[in-house]
Structures are given as structure tokens and as C-alpha cells.
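Protein chains in written order, with this note's numbering: chain C, 3 to 118; chain U, 335 to 524.
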């Protein structure tokens, strides 16, 4: 694709990695700074999603695999990450509901029973 | 990756994904944050499509934007007396510093490294008409053991979630009027 000025515009591996790093950083911030247990889980899901994007971008652009030699291993990895993320979300949300039954709150600042 | 559609699609979808993620961080209401999270997941699925990963993109829409978000809505609805604002804890400053540090570190390394990447014609040569068949062959061929372990993990996760949230049966040891009393209390609390 060429801009009107004549500069060529293309999308490279680095573009995808920068987007992935941004989303991972935002997910880290959410996971560390939110008070609600469900919001913390949202941050963790965003981080997992950013890692998936990294895996797929490397799978698409990397020349480490010569042609015809399992070029889609990254896709298989992403399928496993999706599986683990689904199981993790189910367990974590069950724990949030359990916490609510015990303490009537999912505020992580007030779940400090084990603080020394 | 230099066709017009992919370049425009990449920039639009990246903007949607990053801005929605930021809105998850700053939204005032938990349900609004959840809606923006779904939007971020959908933008990410679009980015997967620009990487010609069609199977993973569809799986992303089904699992993340479909199931996990519905699960989160259920979790919010099952905690009715908890606060619904998307408030920050005392650790917001360390969180922002850690997030900015990680993002800038990844961006710096990604831009600064000379990646051994395919470009132009070599990249077009590695195009797949559809990745579904090849991913299926990998999952049931080389990675079949990991595939089976993942299925067992999902089963254990399902059973664990059910066991964790099931109501304890107390009614068997109570007289009927006491049970009715408990039921009325629980109903009132909900």
C-alpha cells in the first residue's frame, strides 16, 4: 500500500508485537489495581489474549520454519492457551461466588484474613 | 502484509482493541467494563484474522466473546450485594508503573530487534487457504498427548466449578418449618 506522498506502508511483526505489549501492559495494570475480583480476572484474560496475539504473529511471520515444516505450531499453542483460559475463568469465577457467599463481598482489599 | 485491506484493518482493529482495553481500566461501572472487554476480545479476533488465523479467530469469538463474558456476567449477577463500581485498590500506582514498564519494554524490544521475518513474496508463499485442516492434523498428531491432557483439564475445571458453588444440603437435618424459614431468608437475601 502506498500513501499519497509515495511512502510505502506495510505491517510487520514489530507492529503486532507492540500492540500485544500494549494490551499486556493494560491487562497487568487492571489485574494489579482493581478492587473487584471479577475485574482482576478481566485483566488476566486480557493478558492471556495478548500472549495469543504474540504466538500467532510469530507463527505468521517467523522464518524459523522452512516451508512445509509445521508452520502452524503457534496455532496449536493458542488452542491450548484458550483451553486453559476457559478452565481458569470457570474456577476463578466459582471462587468469586464462593467468596461472596462467605463474606458478602468480592472486594479484594477486604479479603485480608491472611495478612500478617 | 502490504495489501491495502490488511494495513487499514490492522490499524483500525488495533485501535479498537487498545482503546477498549483502556476503557476496561477506566470505566466507572463494572458492567460497562465487561462490555468494553467483549469489544476488546472482538477486536483481537479481527487481528487474528489479519494474521490469516481463521480457526483461532472463530474460537476466540466463541470462547472469549461468547462463553467467558457470559460467565463473567453470571458472576456479577450472582454477587448482587457487592459493589458494582469498577474501583481501584491501594495499588493503582504500582499497577500503572508495572503496566507502563512492561508495555514500553516489549515495544522497545520489538522495534529494536532485527527479526528473522518473512516479507513480501516469501510471506505470500506461506499463505494458507484455511488453517483448520492443518491445525487439526497437528492437534491429533504431534500434540495428541497435550490435547488429551487439555480435555482432562477442562473436565476437572468443570467438575471443580460445580463442586465449589453447589449449595450445601442442610435441609435434611432441619425440621420442615426451619427449612422453610431458611428458604425465606435466602430468598429475601437474593
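Cβ coordinates follow ideal geometry from the N, Cα and C atoms, glycine included.
- For the pair of segments examined, the region 349-356 of chain U was found not to touch the region 440-454 of chain U: the number of CB pairs separated by less than 8 Å stays below three.
- Look at residue 35 of chain C here: in three-state DSSP terms it is helix.
- Around the beta carbon of residue 375 of chain U, 16 or more other beta carbons lie within 10 angstroms, which makes this residue buried.
- Of U:443, U:377, U:388 and U:419, the smallest CA-CA separation from residue 363 of chain U is found for U:419.
- Between residue 27 of chain C and residue 444 of chain U, the C-beta spacing is not below 8 Å.
- Contact between residue 367 of chain U and residue 102 of chain C fails: their C-beta atoms lie close to 18 Å from each other, not under 8 Å.
- Think of a sphere of 8 Å around the beta carbon of residue 100 of chain C: the chain U residues whose beta carbon falls inside it are 498 and 499, in chain order.
- Put simply, the backbone Cα of residue 97 of chain C is about 36 Å away from that of residue 385 of chain U.
- Annotation: Cβ neighbours of residue 37 of chain C in chain U (cutoff 7 Å, chain order): 421, 422 and 423.
- By the neighbour-count criterion, in which 16 or more other beta carbons inside 10 Å mark a residue as buried, residue 115 of chain C falls on the exposed side.
- Taking 8 Å as the cut-off, the beta carbon of residue 488 of chain U is found no closer than this to the beta carbon of residue 33 of chain C.
- With respect to the C-alpha of residue 428 of chain U, the residue from C:20, C:12 and C:36 having the closest C-alpha is C:36.
- No Cβ of chain U is located within less than 8 Å of the beta carbon of residue 9 of chain C.
- Using a 10 angstroms sphere on the CB of residue 381 of chain U, the tally of other CB atoms reaches 16 or more, which defines it as buried.
- Taking 8 Å as the threshold, the shortest C-beta distance from residue 402 of chain U to chain C falls below it.
- Close CB contacts of residue 390 of chain U within its chain, under the 6 Å cut and outside five residues either way in sequence, are with 382 (chain order).
- A distance below 6 Å between beta-carbons, with the five flanking residues on each side excluded, links residue 502 of chain U to no residue of its chain.
- Residue 434 of chain U and residue 50 of chain C have their C-alpha atoms roughly 17 Å apart.
- Interface criterion not met: the Cβ of residue 464 of chain U is under 8 Å from no Cβ in chain C.
- Beta-bridge analysis with DSSP links residue 64 of chain C to U:451.
- If you draw a straight line from the Cα of residue 473 of chain U to the Cα of residue 78 of chain C, it is about 6 Å long.
- Scanning its chain for C-beta atoms nearer than 6 Å, with the 5 sequence neighbours on each side dropped, one finds around residue 373 of chain U the residues 354, in chain order.
- Between residue 499 of chain U and residue 100 of chain C, the CB-CB gap stays under 8 Å.
- Of the candidates C:14, C:41, C:15 and C:45, the residue whose Cα lies closest to the Cα of residue 29 of chain C is C:45.
- Residue 483 of chain U has its alpha-carbon roughly 14 Å from the corresponding atom of residue 492 of chain U.
- Within a 10 Å sphere around the beta-carbon of residue 406 of chain U sit 16 or more other beta-carbons, which makes this residue buried.
- Here residue 82 of chain C really is in contact with residue 480 of chain U; their C-beta atoms are around 6 Å apart, less than 8 Å.
- Here DSSP, grouped into helix, strand and coil, assigns residue 47 of chain C to helix.
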